[in-house]
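In the working numbering, the protein residues as written are 1019 to 1170.
Cβ coordinates follow ideal geometry from the N, Cα and C atoms, glycine included.
A short write-up of the structure that comes next.
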Ligand code: SF4
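This is the structure we're talking about:
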């Protein structure tokens, strides 16, 4: 593939990002912020980011919640179904660090990076929609560029 075609492919991919999200046991605070990204106020799709829940068509996985035992294997399974190039972003303090739930004898098993590779984190309880959108937009060009370089 010529350099120009490759640049074009990367440019298109960096502005046509398919996102799936998984809630591994949240209080729903972070879910509401992700849903707010789709509202007219933040209008996620104006940036070329499309949310749907088919991991086989996703580029980026948003992980929410503090990883309950029921979700550990399911999270890995969803991650494996996403085709390369791919990346996961931890949304909120729960998957980033476990926050108050990360203590001795806790029922849950955070952070999400224990279970799948996490490329970026958006801390906050919950984080703002603008921070979630910024994380997706800043990560996408990097994953696609790196992938093309690795394939050469
Ligand atoms: S980070 Fe905060 S708002 Fe988000 S799921 Fe955890 S407790 Fe809820």
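How is residue i classed by DSSP in three states: helix, strand or coil?
| i | result |
| --- | --- |
| residue 1100 | coil |
| residue 1037 | strand |
| residue 1152 | helix |
| residue 1028 | helix |
| residue 1020 | coil |
| residue 1043 | coil |
| residue 1049 | helix |
| residue 1056 | coil |
Counting only the same chain and skipping the five closest in sequence on each side, list residues whose C-beta sits under 6 Å from that of residue i.
| i | result |
| --- | --- |
| residue 1099 | 1073 and 1074 |
| residue 1147 | 1051, 1054, 1055 and 1060 |
| residue 981 | What is shown of the chain runs 1019 to 1170, which leaves residue 981 out entirely. |
| residue 1068 | 1036 |
| residue 1048 | 1082, 1109, 1110 and 1144 |
Are the C-beta of residue i and some C-beta of chain B separated by less than 8 Å?
| i | result |
| --- | --- |
| residue 1072 | The structure shown contains no chain B; it holds only a single protein chain. |
Is the beta carbon of residue i sitting closer than 8 Å to the one on residue j?
| i | j | result |
| --- | --- | --- |
| residue 1044 | residue 1112 | yes |
| residue 1037 | residue 1082 | no |
| residue 1096 | residue 1138 | no |
| residue 1079 | residue 1042 | no |
| residue 1162 | residue 1101 | no |
| residue 1084 | residue 1040 | no |
| residue 1135 | residue 1114 | no |
| residue 1105 | residue 1157 | yes |
Please go through the same chain and pick out, in chain order, the residues whose beta-carbon is closer than 7 Å to the beta-carbon of residue i, but skip the five residues on each side of it.
| i | result |
| --- | --- |
| residue 1034 | 1066 |
| residue 1150 | 1051, 1052, 1055, 1109 and 1140 |
| residue 1133 | 1085, 1090, 1093 and 1094 |
Just to confirm my understanding: we take residue i, look at its own chain, exclude 5 residues before and 5 after, and list those with CB closer than 8 Å. What are they?
| i | result |
| --- | --- |
| residue 1086 | 1042, 1043, 1125, 1126 and 1127 |
(message) Extract the residue ranges of the beta strand (DSSP E) inside the segment 1064–1150, only unbroken runs of 3 or more that lie entirely within it.
(response) If we require 3 residues or more, the beta strand (DSSP E) runs fully inside the segment 1064–1150 come out as 1067–1069, 1078–1082, 1105–1109 and 1138–1140.
(request) Taking 5 Å as the limit, tell me which residues put their C-beta closer than that to any heavy atom of the ligand SF4, in chain order. (result) Taking each Cβ in turn, the ones that pass are 1044, 1045, 1047, 1048, 1110, 1111, 1112, 1143 and 1144.
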